[in-house]
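**Student:** Yeah, the sequence shown ends on 84 if you go by UniProt numbering, and it's all consecutive.
No residue lacks a Cβ here, since even glycine has one placed at the ideal position from N, Cα and C.
Since the structure is predicted, the reported quantities are computational estimates derived from the model, not experimental observations.
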Amino acid sequence: MDPSSLVAGSQGGMVNDEGDPLVLPIGPITRSRAKRYGAAISLFVQAQITQELHDVAFNKCGEELEGIPRLLMLLVACEVEALQ
Numbered sequence: 001m002d003p004s005s006l007v008a009g010s011q012g013g014m015v016n017d018e019g020d021p022l023v024l025p026i027g028p029i030t031r032s033r034a035k036r037y038g039a040a041i042s043l044f045v046q047a048q049i050t051q052e053l054h055d056v057a058f059n060k061c062g063e064e065l066e067g068i069p070r071l072l073m074l075l076v077a078c079e080v081e082a083l084q
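1) Suppose only complete runs of 4+ residues qualify. What are the alpha helix (DSSP H) ranges in the segment 18 to 75, listed by chain order?
2) Taking just the CA atoms, how far does N59 sit from M73?
3) Between P28, G19, A57, which has its C-alpha nearest L40's C-alpha?
4) Output yes or no for whether 8 Å exceeds the beta carbon distance between L24 and F44.
5) Please report how far the alpha carbon of T50 lies from the alpha carbon of S32, in whole angstroms.
Structural data, given as structure tokens:
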């Protein structure tokens, strides 16, 4: 969320001028607003967890690929040794 999209409200709270669902609106919190806010938070958390898992999997894949050149050199050396 971009801090420039938030402006100070009349009671010192933050008001969202772009319709960001993660910022609570000014006024009473009705059941429907609470449900929408809860759903927005759930989607945000789910997206963050998915991104974190993707990043972990990508880093793990990168670590595994770092060892492949050494393995290939070892296999080539063994093959050359076997041919002689």
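**Tutor:** According to the structure data:
1) With a minimum length of 4 residues, the continuous alpha helix (DSSP H) runs that stay inside the segment 18 to 75 are 31 to 66.
2) Cα to Cα, the separation comes out at about 23 Å.
3) What sits at residue 40 in the sequence shown is Ala, not Leu. Among P28, G19, A57, the Cα nearest to that of A40 belongs to G19.
4) At least 8 Å separates the beta-carbon of L24 from that of F44.
5) Taking the straight line joining both Cα atoms gives about 27 Å.
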